[in-house]
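Letter by letter, the sequence shown follows residues 0 to 103 of numbering that gives the first Met the number 0. So the structure is just underneath, and the comments pick up after that.
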Amino acid sequence: MLLMCANRCGGALFRALFAEVDLDSGGEYQHHRILQPSYICLNCGSPALDLSEVPGELRAQQEEDEPPPAVEILCPVCESLVVIGSDLECPNCGAFLEEIEVEG
Ligand SMILES: [Zn+2]
Ligand SMILES: [Zn+2]
């Protein structure tokens, strides 16, 4: 589990909200029920996220926010215009490509 305040206030203490325990008059445990799968930050009261449970979701959001820049360069080997992303390889001839600064 990796809890983080949704408000990013830096608080390190959180309270689980998801379980409500029911007791009878003698204090004997009856049952508990799931209310909501969440936590709150005890520092500022904001909802807290369990980053260990939603890493894929958060990562997808971050990738949506910051798409990898597409760079168009000329392959130095076959001289075709290539759009390179994560892999620096010419799809035409397979040559290794480096990002070349265009002069002027
Ligand atoms: Zn907080
Ligand atoms: Zn090439």
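Virtual Cβ for every residue (Gly too), placed ideally from N, Cα, C.
- Look at S45: its beta carbon is less than 7 Å from one of the heavy atoms in ligand 1.
- The secondary-structure analysis by DSSP pairs C40 across a beta bridge with F13.
- The straight-line gap separating the alpha-carbon atoms of G10 and A69 is approximately 38 Å.
- Bridge partners of P46 according to DSSP: I39.
- With fewer than 16 other beta carbons inside 10 angstroms of its own, C8 counts as exposed.
- Counted as a single uninterrupted DSSP element, the stretch harbouring M0 is not any beta strand (DSSP E), since DSSP gives it neither H nor E.
- In the DSSP assignment, L80 falls within the unbroken beta strand (DSSP E) covering L80 to I83.
- If you measure from each CB to the nearest heavy atom of ligand 2, the residues under 6 Å come out as C74, V76, C77, S79, C89, N91, C92 and A94.
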